[in-house]
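Protein chains in written order, with the numbering used here: chain A, 544 to 767; chain B, 152 to 264. For every residue, glycine included, the Cβ atom is placed at its ideal position computed from N, Cα and C. From a predicted model like this one, the values you see are computed outputs, not experimental measurements.
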Amino acid sequence: MKKIEVIQNILEANETIASRNQQLLDKHKVFTINIMSSPGAGKTSLILQTLARLKGRLNVAVIEGDVASTVDAEKVQSEAKAVVQINTRNMPESCSLMAAMIESALKDIPLDNIDLLLIENIGNLICPSEFTLGEHKRVVISSLPEGDDKPTKYPLIYIDADAVIINKMDLLPHVDFDIAAFRHSVEGLNPEAEVFQLSCKTSEGIERWCSWVLEQVETNATKR
Amino acid sequence: MHEFGITENIMNIALAKAGEAQANKVIRINLVIGEMSGFVPDCIQFYFDSLSKDTIAQGAALHFESVPAQLRCRNCATIFSPEDTLWACPKCRGQSVEISKGRELYIESMEVE
């Protein structure tokens with residue numbers, strides 16, 4: 544019997560493809576945001592709001608990840624420059640998008656004509672935190688009806704986020720959500736994260752979010 | 152929740168390393184899994200038994216070394232173990248913390264013949 548030292552990251556296969564994706568995106572100057580949240584927190588609504596605001600300023604493509612259906616892709620179809628729907632139902636893993644799925648979706652996007660790619664991940668606060676896709680920024684959405692304890696229950700996804708969005712602010716009078724406590728938990732886990740309070744329903748706060756996105760795209764463009 | 156893909160990766164790495172070592176059989180794979188990584192050993196074992204059929208890794212024992220979560224307080228640098236979901240520093244009660252251990256996920260070594 545012989546012992547072999549290995550010391551190899553089990554997620555390396557995903558990470559290798561993710562960095563290949565990022566190289567391709569950088570080559571075509573496509574800034575990419577991975578949007579994560581639990582189901583129903585407002586990923587599609589945020590994408591629709593962002594598309595509406597950035598129309599005429601940036602060419603935006605969207606990758607929609609869902610276990611099944613093309614409902615979300617149909618919703619964003621008319622506003623985005625390109626949309627690719629990924630259904631994970633028949634894939635070995637259905638709980639998160641993975642770098643290989645993005646690699647193949649990128650083949651269907653005219654990257655030369657795109658400035659910004661929004662990736663809507665599968666609704667889940669656990670698995671997507673383990674798989675990088677090649678994105679430049681990671682965004683997590685929490686919505687008021689979910690409760691203010693999500694950063695405490697699912698810390699990893701908040702630790703790795705570049706921005707955290709509190710959505711459905713219009714429901715504040717109707718739910719017990721302690722904004723200060725939520726922000727305090729996020730700050731404890733991740734002092735660098737930018738926090739946005741907004742409502743995709745009333746558009747309150749969307750302007751500030753879109754300015755941040757524009758700023759990120761511009762900063763990234765000048766770096767290259 | 153996504154142990155299938157992880158197990159496929161473990162299989163691929165193990166078979167590649169065994170091939171490099173010109174081994175005929177994989178006896179044991181030693182894995183290091185952080186408590187916070189969210190992977191369930193029983194689930195990995197289940198998929199492994201099925202995926203390894205008719206390969207030189209069939210019947211290999213998977214050994215899981217679990218690394219307990221360890222946090223570091225950003226205020227006073229105290230290293231501590233979190234109690235359940237409460238991530239407050241036992242010394243200064245600060246809640247600004249970073250994970251120093253517990254997110255590991257790698258193959259440490261293998262035994263082959």
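Secondary structure of residue i, DSSP reduced to three states
{"i": "A/Asn710", "result": "strand"}
{"i": "A/Gln566", "result": "helix"}
{"i": "A/Cys670", "result": "helix"}
{"i": "A/Ala736", "result": "coil"}
{"i": "A/Phe725", "result": "helix"}
{"i": "B/Gln246", "result": "coil"}
{"i": "A/Gly599", "result": "coil"}
{"i": "A/Ala584", "result": "coil"}
{"i": "A/Ala764", "result": "helix"}
{"i": "B/Lys252", "result": "strand"}
{"i": "A/Gln759", "result": "helix"}
{"i": "A/Leu659", "result": "strand"}
{"i": "A/Met634", "result": "coil"}
{"i": "A/Ser754", "result": "helix"}
{"i": "A/Asn664", "result": "coil"}
{"i": "B/His214", "result": "strand"}
{"i": "A/Ile590", "result": "helix"}
{"i": "A/Ile576", "result": "strand"}
{"i": "A/Ile560", "result": "helix"}
{"i": "A/Glu555", "result": "helix"}
{"i": "A/Glu747", "result": "coil"}
Nearest candidate by alpha-carbon position, reference residue i, set the options
{"i": "A/Leu591", "options": "A/Gly583, A/Ser562, A/Glu622, A/Ala723", "result": "A/Glu622"}
{"i": "A/Lys545", "options": "B/Ile161, B/Thr158, B/Ala167, B/Asn175", "result": "B/Asn175"}
{"i": "A/Ile645", "options": "A/Pro716, A/Asn577, A/Leu715, A/Leu732", "result": "A/Asn577"}
{"i": "A/Trp752", "options": "A/Arg563, A/Ser647, A/Ser639, A/Leu597", "result": "A/Leu597"}
{"i": "A/Ile708", "options": "A/Glu730, A/Pro734, A/Ala723, A/Gln740", "result": "A/Gln740"}
{"i": "B/Leu222", "options": "B/Asp235, B/Ala167, B/Phe215, B/Pro192", "result": "B/Asp235"}
{"i": "B/Ile258", "options": "B/Gln246, B/Thr206, B/Phe215", "result": "B/Phe215"}
{"i": "A/Asn656", "options": "A/Gln565, A/Lys572, A/Glu548, A/Asn552", "result": "A/Lys572"}
{"i": "A/Ala643", "options": "A/Ser637, A/Asp658, A/Leu676", "result": "A/Leu676"}
{"i": "B/Phe155", "options": "A/Lys624, A/Asp615, A/Cys638, A/Leu649", "result": "A/Cys638"}
Residues near residue i in its chain [Cβ-Cβ closer than 6 angstroms; skip 5 each side]
{"i": "A/Asp713", "result": "Ser742, Lys744, Thr745"}
{"i": "A/Thr575", "result": "Leu568, Leu660, Glu678, His679"}
{"i": "A/Ala704", "result": "Arg681, Val683, Ala736"}
{"i": "A/Gly585", "result": "Ile684, Ser686, Asn710, Cys743"}
{"i": "B/Pro192", "result": "Phe215"}
Own chain residues within Cβ distance below 7 angstroms of residue i, not counting five before or after
{"i": "A/Phe720", "result": "Leu687, Gly690, Asp691"}
{"i": "B/Ile157", "result": "Phe190, Ile195"}
{"i": "A/Gln759", "result": "Phe574, Lys680"}
{"i": "B/Val263", "result": "Ala169, Ala172, Ala174, Lys176, Val177, Ile178"}
{"i": "A/Leu732", "result": "Pro694, Pro698, Tyr701, Ile702"}
{"i": "B/Leu202", "result": "Thr158, Glu159, Met162"}
Residue i: first and last residue of the uninterrupted beta strand (DSSP E) it sits in
{"i": "B/Gln196", "result": "B/Gln196 -> not in any beta strand (DSSP E); alpha helix (DSSP H) instead, spanning 192-202."}
{"i": "A/Val682", "result": "680-686"}
{"i": "B/Cys224", "result": "221-224"}
Residue i: first and last residue of the uninterrupted alpha helix (DSSP H) it sits in
{"i": "B/Phe155", "result": "154-171"}
{"i": "A/Met644", "result": "642-649"}
{"i": "A/Gln551", "result": "Run containing A/Gln551: none in the alpha helix (DSSP H); it sits in the beta strand (DSSP E), 545-552."}
{"i": "B/Lys176", "result": "No alpha helix (DSSP H) holds B/Lys176; DSSP gives it neither H nor E."}
{"i": "A/Ile700", "result": "698-702"}
{"i": "A/Gln620", "result": "614-620"}
8 angstroms CB neighbourhood of residue i in its chain, flanking five on each side removed
{"i": "B/Pro241", "result": "Thr229, Phe231"}
{"i": "A/Val619", "result": "Thr587, Ile590, Leu591, Leu594, Val605, Glu607, Val626"}
{"i": "A/Ala611", "result": "Asn630, Arg632"}
{"i": "B/Glu186", "result": "Ser217, Val218, Pro219, Ala220, Gly253"}
{"i": "A/Glu558", "result": "Asn552, Ala642, Thr675"}
Members of the stretch 733-757 of chain A that neighbour chain B once the beta carbon cut-off is set at 7 angstroms: Under the 7 angstroms Cβ criterion, the stretch 733-757 of chain A contributes Pro734.
Short-range partners of chain B found in the stretch 690-724 of chain A, where Cβ spacing is below 9 angstroms: Asp692, Thr695, Lys696, Pro698, Leu699, Ile702
Contacting positions in the stretch 626-645 of chain A - beta carbon closer than 8 angstroms to chain B: The residues in question are Pro635, Glu636, Cys638, Ser639, Met641.
Interface positions of the stretch 556-585 of chain A facing chain B (Cβ-Cβ less than 9 angstroms), listed along the chain: Ala556, Asn557
Contact residues within the stretch 182-202 of chain B, judged by C-beta distance below 8 angstroms to chain A: Within the stretch 182-202 of chain B, Leu182, Met187, Ser188, Gly189 place their CB atoms closer than 8 angstroms to a CB of chain A, listed in sequence order.
Residues from the stretch 210-231 of chain B in contact with chain A, defined by Cβ distance under 9 angstroms: Arg225
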